[in-house]
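Residue numbering for the sequence shown follows this note's numbering, beginning at 26 and increasing consecutively.
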Amino acid sequence: MAEEIRIVLTGFMGVGKSTVARHLASMLGCDKTDLDAAIADRERKSIANIIDEHGIDEFRRIESEVLGAILESGARIVALGGGAWTVPANRRLIKDRKFTSIWLETSFDHCWLNIVNSKRVRPLARNKAETFRLFEERQKLYCLADWHFVVRSGLNSFEVARQIAEEVFSLEFD
Ligand code: S3P
């Protein structure tokens, strides 16, 4: 089945893209790649440092470059950063490289809770009201993904990965 697995997971900060990607990769028996981690590795800096020191436009430029390299590299499951999908050129690239996109949707409150409880610094989520505006603004773009899974509060990342494995890859569980 590995040849057919080419997916990107998108969704707002704090929805749990990386964790769902990790569970899904283990269910499907393939590797997963985390776009933010790949950027931080390449730049030898945290995402927060890149954005704070060089600005969001430079971060987006690096993000697109690293995304292109990942999609070319034979990656199977890619967890995007929450803003990567909002860039039209990135969406085109994902489509051109024949990756299926999956939007993990959840409520703002769920995301916000995860954001404030996380050790990771997210420069674009420092203020609740502004983060909520960003969340609302992006819904129409996340909607453009091929698949859409709602992460209900109480449903853990493992169960979401399982739903994706069943519905997108027809995997059967006992
Ligand atoms: C961003 C989301 C972050 C990270 C960067 C910008 C965004 O990733 O890429 O801080 O624009 O939504 P997560 O979605 O993993 O937090």
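Glycine included, every Cβ here is placed at the ideal spot set by N, Cα and C. Please read these numbers as outputs of a predicted model, since none were measured by experiment.
Rounded distance between the beta-carbons of residue 125 and residue 59, thought under 8 Å: Not quite, the Cβ-Cβ distance comes to about 18 Å (not below 8 Å), so this is no contact.
Backbone secondary structure at residue 45 - three-state DSSP: helix
Cβ separation of residue 103 and residue 89, assumed to be a contact under 8 Å, to the nearest whole Å: No, residue 103 and residue 89 are not in contact; Cβ-Cβ is about 13 Å, not under 8 Å.
Proximal residues to residue 148 (C-beta, below 7 Å), its chain only, five neighbours per side dropped: 73, 76 and 77
The ligand S3P heavy atom lying under 7 Å from the CB of residue 149: Residue 149 Cβ: within cutoff of the ligand S3P.
Residue 131 vs residue 40 beta-carbon contact at 8 Å: Yes; because the gap between Cβ atoms is below 8 Å, this pair is in contact.
Beta-carbon separation (whole angstroms), residue 57 vs residue 47, contact threshold 8 Å: 6 Å
Beta bridge counterpart(s) of residue 58 as assigned by DSSP: 103
Cβ-based neighbour list, residue 43, same chain, cut-off 7 Å, excluding 5 preceding and 5 following: Excluding sequence neighbours, residue 43 sits near 59 and 104.
Buried versus exposed call for residue 63 [16 or more other C-beta atoms within 10 Å across all chains shown]: buried
Residue from 178, 158, 110 and 184 with nearest C-alpha to residue 36: Here the closest residue by C-alpha is 110.
Cβ-Cβ distance between residue 34 and residue 45 below 8 Å: Taking 8 Å as the Cβ cut-off, residue 34 and residue 45 qualify as a contacting pair.
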